[in-house]
Amino acid sequence: MSSKCGLNLIFVSIIFIIIVNGYAKDISGIERAHRRLNEYISHYEELNYDHKHIHTSHNRAKRSVTKDHHVDLKFSAHGRHFHLRLKRDLNTFSDKLEFYDSNNLPLDVATDHIYEGEVIGDRNSYVFGSILDGVFEGKIITERDAYYVEHAKRYFPTTTTNGTQTLPMAQRRVAQQYTATTTSTTATI
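Here you go:
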């Protein structure tokens, strides 16, 4: 199992399907025409933030002697401003965690890119995900909604996105449309 496989296992729990028909209303109540991405994602927005600054902050957090060093990430999407305060997640994986490949040989798997935190100013919020090469991917849970943030390279050629943009998508829109179109009554997201 490679480190990429380990990272993929982490994000399997937050993979999603988004389906929205017609127009999407953001939290501010402003109607916007949707930007269809594929048959499952009919509304997305691009995040623009200083990836070099986030990469530098992430490297500083990795080297920090104290456990209190955080990474601040600010952006606007879905009609609101987000200010994430993220700290390295030191609790999800044990320091003694070991991975082995199919030949029973040990693999070196880094977990120093895994973060958790909060949305500043949004009580009871929770954020978890990763920062790789200055790009945040993960889930943002607020009091009113939940958002998935994925790297745009999954959907666009790198020539279109410069390889660094990410896409936030709202979970509420996923759940409403997905459960309405599925034949299973036990579908969960």
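Under UniProt numbering, the sequence shown has 147 at position 147, and the numbering climbs by one with no breaks.
For each residue, glycine too, the CB sits at the ideal point set by N, CA and C.
Among Phe75, Arg85, His78, His81, the one whose alpha carbon lies nearest that of His69: Arg85
Classify Pro106: buried if its beta carbon has 16 or more other beta carbons within 10 angstroms, exposed otherwise. exposed
Residues that Asp72 bridges to, as DSSP identifies them: Arg85
Can you tell me whether DSSP reads Arg60 as helix, strand or coil? helix
State buried or exposed for Tyr148, treating a residue as buried only when at least 16 other CB atoms are found within 10 Å of its CB. buried
So, helix, strand or coil for Arg154, using DSSP? Here Arg154 carries a helix assignment [DSSP, helix/strand/coil].
Three-state secondary structure assigned by DSSP to Lys52: helix
Does the contact criterion of 3 or more C-beta pairs under 8 angstroms hold for the segment 90-104 versus the segment 132-152? no
In the DSSP assignment, what residue or residues form a beta bridge with Phe99? Leu107
Out of Asp72, Glu39, Arg63, Asn38, point me to the one whose CA is closest to Val135's CA. Of the candidates Asp72, Glu39, Arg63, Asn38, the one whose C-alpha sits nearest the C-alpha of Val135 is Asp72.
Between Gly129, Ala146, Ser102, Gly79, which lies nearest to His58 when the distance is taken from Cα to Cα? Gly129
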